Amino acid sequence: MSNVIIIGNGPAGVSAALYTSRAGISTLIIAKDAGALEKAEKIENYFGFGEPISGKELSERGIAQAKRLGVEFLNDEVVSLEYDGQLGVVTKNNRYAAEAVILATGAPRVAPRIKGLKEFEGAGVSYCAICDGFFYKEKDVAVLGCCEYALHEAQALMPLAKSVTLVTNAEKPMEGLPEGLTVITTKIKQLEGEGRLEALLFEDGSRLDVSGLFIAQGVAGSAELARKLGAETAGNRILVNENMETNIPGLFAAGDCTGGMLQIAKAVCQGAEAGAAAVKLIRSRKTAALI
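Structural data, given as structure tokens:
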């Protein structure tokens with residue numbers, strides 16, 4: 236078991252790993268890709284570089300530094316967080332237990348631009364199947380998405396809902412979908428209902444009657460993962476204290492996912508704070524166990 240699992244290999248995640256690994260805490264970083272930093276052409280407002288540096292090079296330097304200190308890296312997609320007496324990180328391929336988890340996947344993705352989506356949030360539109368699935372027991376629901384995250388949400392709903400439809404919004408669905416999961420690839424035109432969501436209207440004129448729509452496009456962001464454990468959020472921002480702790484013991488967040496200034500300097504600082512706080516938590520638990 237890795238004592239600390241960090242989700243995200245950007246500045247916040249790698250910075251946190253430098254502090255946990257140097258403190259002798261076994262550390263695993265899980266990430267699907269390099270994130271937004273790798274796409275930055277030039278960075279010239281970060282301390283220590285006489286000349287601009289590309290985001291890709293800065294990312295590679297940070298990862299190399301962390302690997303030198305013993306941090307393990309795993310290329311996989313995180314689809315959920317769980318707690319069964321211990322924190323668990325569920326990926327596309329496995330499940331990993333940890334004493335502390337640090338969320339550092341960057342800023343949340345933009346919600347799809349669909350007419351009526353915002354209006355029905357909390358009234359039929361949800362972003363967490365584990366959180367809200369029970370409220371749709373024996374009802375018809377849909378999941379918006381086409382990849383691993385959407386499949387995970389659909390599978391969480393299938394034992395509860397009367398029917399589950401995967402709506403890909405014109406994207407190609409992944410292969411190997413389970414039996415009993417209906418797929419619609421037509422693009423959504425708008426959501427419809429009187430006070431609560433009642434139907435999805437498609438651009439070809441067709442209609443799907445549903446009581447709930449679960450948004451799961453792309454990969455799960457930090458806020459979506461945090462909500463699965465009941466962590467407090469404000470929109471797509473995870474709420475943390477001065478030590479980057481959420482209201483869930485052992486769950487921390489750092490970087491763009493906490494809101495505020497979306498800058499590398501801030502992400503590095505918060506990563507360091509989260510890493511140091513995770514080390515303190517793990518050591519205090521070990522000390523308490525010896526008493």
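Counting with the working numbering, you get residues 236 to 526 for the letters of the sequence shown. By construction, the Cβ of each residue, glycine as well, lies at the ideal position given by its N, Cα and C atoms. Note that the structure is a prediction, hence the values are computed from the model and not measured.
Alpha carbon of Gly248 to alpha carbon of Ile241, nearest angstrom: The residue labelled residue 248 in the question sits at position 13 within the sequence shown. The residue labelled residue 241 in the question sits at position 6 within the sequence shown. For Gly248 and Ile241, the distance between alpha carbons rounds to 6 Å.
Among Arg442, Leu395, Thr493 and Lys277, which one has its Cα closest to the Cα of Glu459? Within the sequence shown, numbered from 1, the residue matching residue 459 stands at position 224. Considering only alpha carbons, the answer is Thr493.
Rounded to the nearest angstrom, how far is the Cβ of Cys381 from that of Lys407, given a contact under 8 Å? Indexing the sequence shown from 1 puts residue 381 at position 146. Indexing the sequence shown from 1 puts residue 407 at position 172. Between Cys381 and Lys407, the beta carbon gap of about 7 Å places them in contact (Cβ cut-off 8 Å).
Are Ala299 and Ala252 closer than 7 Å when you measure CB to CB? In the sequence shown, counting from the first residue as 1, residue 299 sits at position 64. In the sequence shown, counting from the first residue as 1, residue 252 sits at position 17. No; because the gap between Cβ atoms is not below 7 Å, this pair is not in contact.
Cβ atoms of Ser361 and Phe449: under 7 Å apart, would you say? Here residue 449 corresponds to residue number 214 of the sequence shown, with the count starting at 1. Here residue 361 corresponds to residue number 126 of the sequence shown, with the count starting at 1. Yes, Cβ-Cβ distance for Phe449 and Ser361 is below 7 Å.
According to the Cβ coordinates, are Gly495 and Thr340 closer than 7 Å? One-based indexing of the sequence shown puts residue 495 at position 260. One-based indexing of the sequence shown puts residue 340 at position 105. Against a cut-off of 7 Å, the Cβ pair of Thr340 and Gly495 comes out as no contact.
Can you tell me the Cα-Cα spacing of Glu286 and Lys277, whole angstroms? Residue 286 sits at position 51 when you count from the first residue of the sequence shown. Residue 277 sits at position 42 when you count from the first residue of the sequence shown. Linking Glu286 to Lys277 through their CA atoms gives a straight-line distance of about 9 Å.
Could you please give me the residues that DSSP links to Glu427 through a beta bridge? Taking the first residue of the sequence shown as position 1, residue 427 is located at position 192. Ala434.
Which residues in the same chain have their Cβ closer than 7 Å to the Cβ of Val205, if we skip the five residues on either side of it in sequence? Within the shown structure, residues of the chain are numbered from 236 to 526, placing residue 205 beyond reach of any answer.
Distance between beta carbons of Ser261 and Asn238, contact taken as under 8 Å: Counting from one through the sequence shown, the residue named residue 238 turns up at place 3. Counting from one through the sequence shown, the residue named residue 261 turns up at place 26. Right, their Cβ atoms sit about 5 Å apart.
Cut-off 7 Å between Cβ atoms - residues of its own chain near Gly305, not counting five sequence neighbours on either side: Here the question's residue 305 lines up with position 70 in the sequence shown. Closer than 7 Å at the Cβ level, and outside the excluded window around Gly305, lie Ser256.
For Gly320, does the count of other Cβ atoms within 10 angstroms reach 16, so buried, or fall short, so exposed? Within the sequence shown, numbered from 1, the residue matching residue 320 stands at position 85. Gly320 should be labelled exposed.
Return the residue from the list Val402, Gly245, Glu477 and Glu312 that minimises the CA-CA distance to Ile423. Locating residue 423 in the sequence shown gives position 188, where the first residue counts as 1. Taking only the C-alpha atoms, the option nearest Ile423 is Val402.
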